[in-house]
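Chains as they are written, first to last, in the numbering used here: chain A, 1 to 173; chain B, 1 to 686; chain C, 1 to 108. The beta carbon of each residue, even a glycine, is placed where N, CA and C say it ideally should be. Report on the structure given below.
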Amino acid sequence: MEFTDWISDARNIIFLVIGLAMVAAAIRVVSSPNVVHAALMLVVALAGSAAIFIMLGAEFVAWTVVLVYIGAVIVLFLFGIMITRAPTGRDSVRLDHERRWPAALIALAMFITISWATTETFGDKLVSDGVATANDLGAVLFDRYVIPFEAVSFVLLAALIGGIVLARKDPEQ
Amino acid sequence: MTHLVTTLFLYAEEGAEHAVELADGGVLAQWAWLIPAVPLVMMFAIAFFGRRLPNRGWELAEFSMLFVAVYGVALFISNADQGVYYEGAIEIATVGSFVLEWGWVVDGLSIMMYAVVGIVGLAVFTYSKGYMEGDIRYTGFFANFTLFAAAMLVLVSSPNMLQLIVGWELVGLASYLLIGHYWEDHENNAAAIKAFITNKVADVGLFIGVIIVAVTVGSFRFSDVLDAVANADSALIEVAFWAGLMLFIGAMGKSAQFPFHVWLPDAMAGPTPVSSLMHAATMVTAGIYLLGRMFPLYQDELFAVDVKTIIIIVGAVTLLLTGLIALVQDDIKKVLAYSTLSQLGYMTVAMGAGAYTAGLFHLFTHAFFKGLLFLCAGSVIHAVHSNNMSDMGGLRKYMPSTFWTFIVGSLALAGIFPLAGFWSKDEILSSVSFDAAHGGGAVASTVLVVAIVGAFITALYMARAVYLTFYGEYKGEGHPHESPKIMTYPLIGLAALAAVAGFANMPGIYTGFTDWVGARLHVMGDHHAEAINYLLAGLGLAAAGIGIAAGTRLWRADRDTQAARDRFRIPVLYPLLENKYYIDDFYLRGIVNPTKGSIARATDWSNTYLLDGVVNGVGLGAGLLSKIVYGGIDQRGIDLAINATAAATGEAGEQLRHTTTGRVQQYAGALFAGAILLVVGFLILS
Amino acid sequence: MIVNQFLVLAALLFSIGVYGVLVRRNAVLVLLSVELMLTAVNINLVAFWAYLQDPLAYLQDVQFAGQVFALFVIAVAAAEVGIGLAIVVLIFRNRSSANIDELDLLKW
């Protein structure tokens, strides 16, 4: 498909905008000297992914991302940053390594590999236009996928307990 | 394996046998393997726990002899009733085409030997209890003695030549052990070794003979060999002369014929019961037994008849020469030993003249009276504590039982009517005269004369022995007394047998013994006299009578003073006789010393320098080679490769461990890079 | 909308996340980069769901595998962040620093 044909679809324009924003934010996440800024840029990236989900028709997943990821995980991150910051305020230590080119090389190689593989495989195939409601997802989740669902709940339980045990102060203090 | 023979028909010869029907002996014959087995087991029993018994093992030995005697007499009676033939065997192994068996023969010849060994053995064992009282090796003595009895019985019960050799060698061993019973004295050891070595030298002949016969016939069994003789087997005919000669040489060793006779007089170093049983009655008769067992080989026209000439000459030479030596002996046991040699000469002469029955009959009677004479001598020695007749004299007053039984034995030996020796000696004389008339020729005639002269000499030396021992004044220092009953009762028993045994074979009147020993699977083919040859009987009796008279004249009236003896010293003859014709000196200087000296040294040199040199050289060479392999190849080559590998591995590890930096991001980086490479690889390949 | 555009976007985000994981020295920032990678994975999953769904075979069993899996990824990511941050806090308590480079005790 030609680029002009692709860009003529309004949705693809929106996709392009959102995508660019996400990539910019992601770059900022990995290169910002300020830890808090990095966390907040992740918020932007996550918001963008939620928008992508809605575009694809996965409403429930989109709002779950907003709720859980942005609402809880990022907050957790911010708390973590707060706890692990040096008492003197701004970090004096460099946040990145001295030699960054091996990592850049690896990242680039990875991108090229994956995108080339997908382009080769999928070519110009289109996405379907269906929308999945929460109703549909709920029906499936508690029917066919109930066992993984319960398993995940166990994982969350373990994480909960683990977190509490790890982070509490020693009993004798 | 039972051979059941119903009838044997023989071709009519002058005075030949009639048809003989043989029974199979029944249960007695089937269990006859117990006869050698019981003494053998008793020997082990005595050896292991004889010492703890109340009589220190004597009761076990006596029981074994009692068993053999009773069984032997039972078989004897059965055989006398109707001739028995039974041969039982157990196959032990097969080597190539030869079958090795262990068996027992129950026929006339074997039964006669069982009875003789059993009866004389019983008498001697009973006597030994008293004689060996207080001996330091009492239990060991009876163990060895029982071993001898077992070995002798194995010998006479063997159905094949290999088992015969086993028994032959075992009696030689027992003889060695018993002659050397008083081994504290080195002379006794030397005597034992002399007996063993002389026998062993003669045994070479035995082995060669057995090998020739067995290879030619293809079997070790006597019955197979004699079958080959009966069937005129041509292969056996070719080798018969040498086989017969070699076998006779073996017999000469055991039966002490000239020149293998030298061991028997020295064997008197052993205890007297040993001399009685082994060196008078049984062991020395093994050679005669062998000739009797193989008799058809010598008797049949086509086979080894020429050997008989040699046999008869050897027997006659032995008979005469050894009898003469007996005249000059001071030791009473030596007198009897030379007498035994002389009587064995008689038996050999009989075999050489083709007189199977005569030779065995003399063996039979000789066992009784010579066994008796030795036991009497032992009784005397026991009382006087000396072997020498110059320490004796006048003992008939102190030892009446011994005296009278000695007289009976001496008269029997001299061949006085009607005692046993008369009948058996007469049988031999008539057989020799028959042989002289039927093919023996001049040789046999000469031998006949020699035999009659021998009768004279026999009577002469026995008279001398009697007078010097029992008459005159007692010349010793001790207090002689009669021996205890346990010693005198066997003497009486044997004396009775020596008196009546002769009646078993009286030509023309009753010839039971001929039938008894003739009860064999094969034809013996010997001649049997129809009636007593009065001429020969008279000549023999006359010779004996003259001998006794001369002896009485010379020795009755205590002439054994040194002066009297000097008067009888015929210049050349006496030293010759006293030194036993210098044969022992010849053997010592001519054979033993060179072997001990120069030959032994030469073999030692060649062993040390030649044989050991080769062995040492090989050893050194191997050592050198191993040094090269070790140093050059192993150390430098192989070890180097291994060490280098190890070093390389170590170095690699040393360097590679620096990759574990502990930094997670580096690990992650490596992970991602690796994953990308793999994916790219798959994409390219697919 | 073609599938590939979403897949390429996800690949880009993933690569950036990889870069972040390998480069950042602060433990919290590393975890942040991991979150970025997981987001990219989610986009992939949902894109595949959208690509594979058949409007006529609505409500069939494996119709929503992509979305369901995305939900699970979110849940597990949340749990993992919780634990990860707890560990980081513990390390920070011991060393007063969240620098990963100092955590190299498991070395040769």
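Assumed close pair residue i, residue j - CB separation to whole angstroms, cut-off 8 Å
{"i": "residue 82 of chain C", "j": "residue 30 of chain A", "result": "Not really, about 22 Å apart at Cβ, beyond 8 Å."}
{"i": "residue 46 of chain C", "j": "residue 61 of chain A", "result": "6 Å"}
{"i": "residue 78 of chain C", "j": "residue 58 of chain A", "result": "Not really, about 18 Å apart at Cβ, beyond 8 Å."}
{"i": "residue 264 of chain B", "j": "residue 256 of chain B", "result": "4 Å"}
{"i": "residue 103 of chain A", "j": "residue 29 of chain C", "result": "So it is not a contact: roughly 13 Å between Cβ atoms."}
{"i": "residue 455 of chain B", "j": "residue 415 of chain B", "result": "6 Å"}
{"i": "residue 413 of chain B", "j": "residue 462 of chain B", "result": "6 Å"}
{"i": "residue 365 of chain B", "j": "residue 341 of chain B", "result": "The Cβ separation is near 17 Å, so there is no contact."}
CB contact check: residue i to chain C, cutoff 8 Å
{"i": "residue 97 of chain A", "result": "yes"}
{"i": "residue 8 of chain A", "result": "no"}
{"i": "residue 174 of chain A", "result": "Lying before the first or after the last residue shown, residue 174 of chain A is absent from chain A, which here runs from 1 to 173."}
{"i": "residue 33 of chain A", "result": "no"}
{"i": "residue 124 of chain A", "result": "yes"}
{"i": "residue 136 of chain A", "result": "yes"}
{"i": "residue 148 of chain A", "result": "yes"}
{"i": "residue 665 of chain B", "result": "yes"}
Residue-level contact to chain A via CB, residue i, 8 Å cutoff
{"i": "residue 632 of chain B", "result": "no"}
{"i": "residue 683 of chain B", "result": "yes"}
{"i": "residue 126 of chain C", "result": "Summary: the structure shown does not reach residue 126 of chain C, with chain C confined to residues 1 through 108, and so no result is reported for it."}
{"i": "residue 646 of chain B", "result": "no"}
{"i": "residue 679 of chain B", "result": "yes"}
{"i": "residue 641 of chain B", "result": "no"}
{"i": "residue 652 of chain B", "result": "no"}
{"i": "residue 37 of chain C", "result": "no"}
{"i": "residue 669 of chain B", "result": "yes"}
{"i": "residue 18 of chain C", "result": "yes"}
Proximity test, Cβ basis, 8 Å: residue i and chain B
{"i": "residue 22 of chain A", "result": "no"}
{"i": "residue 8 of chain C", "result": "no"}
{"i": "residue 38 of chain A", "result": "no"}
{"i": "residue 113 of chain A", "result": "yes"}
{"i": "residue 26 of chain A", "result": "no"}
{"i": "residue 103 of chain A", "result": "yes"}
{"i": "residue 51 of chain A", "result": "no"}
DSSP three-state assignment for residue i, whether helix, strand or coil
{"i": "residue 532 of chain B", "result": "coil"}
{"i": "residue 32 of chain B", "result": "coil"}
{"i": "residue 221 of chain B", "result": "strand"}
{"i": "residue 20 of chain C", "result": "helix"}
{"i": "residue 91 of chain C", "result": "helix"}
{"i": "residue 392 of chain B", "result": "coil"}
{"i": "residue 545 of chain B", "result": "helix"}
{"i": "residue 99 of chain C", "result": "strand"}
{"i": "residue 90 of chain B", "result": "strand"}
{"i": "residue 182 of chain B", "result": "helix"}
{"i": "residue 524 of chain B", "result": "coil"}
{"i": "residue 101 of chain B", "result": "strand"}
{"i": "residue 314 of chain B", "result": "helix"}
{"i": "residue 294 of chain B", "result": "coil"}
{"i": "residue 506 of chain B", "result": "strand"}
{"i": "residue 451 of chain B", "result": "helix"}
{"i": "residue 34 of chain A", "result": "coil"}
{"i": "residue 634 of chain B", "result": "helix"}
{"i": "residue 170 of chain A", "result": "coil"}
{"i": "residue 13 of chain B", "result": "Interpretation of residue 13 of chain B is limited by its pLDDT of 32, a score under 50 that renders its predicted location unreliable; no figure is taken from the coordinates."}
{"i": "residue 106 of chain C", "result": "coil"}
Where residue i meets chain E, residues with beta-carbon distance less than 7 Å
{"i": "residue 662 of chain B", "result": "The structure shown has no chain E; the protein chains it does contain are A, B and C."}
_Under 8 Å, with one C-beta from each stretch per pair, do the stretch 352-362 of chain B and the stretch 476-487 of chain B reach the 3-pair mark?_
no
- chain C contacts made by the stretch 53-75 of chain A, where a contact means CB separation under 8 Å: 53, 55, 56, 57, 58, 60, 61, 64, 65, 68, 69, 72, 73
Exercise. Would you be able to state if there are at least three C-beta pairs under 8 Å between the stretch 266-273 of chain B and the stretch 372-388 of chain B?
Key: yes
- Item | Validate contact between the stretch 245-258 of chain B and the stretch 193-209 of chain B using beta carbons, cut 8 Å, 3 pairs | yes
Can you pull out the residues from the stretch 70-104 of chain C whose beta carbon lies closer than 8 Å to at least one beta carbon of chain B? 100, 101, 103, 104
Margin query: So, does the stretch 32-40 of chain B touch the stretch 60-69 of chain B, judging by three or more C-beta pairs under 8 Å?
Written below: yes
Are the stretch 301-310 of chain B and the stretch 322-330 of chain B in contact at 8 Å, needing three or more beta carbon pairs?
no
Item to check | Stretch-stretch touch, CB-based, cutoff 8 Å, three pairs: the stretch 157-168 of chain B with the stretch 105-125 of chain B | outcome: yes
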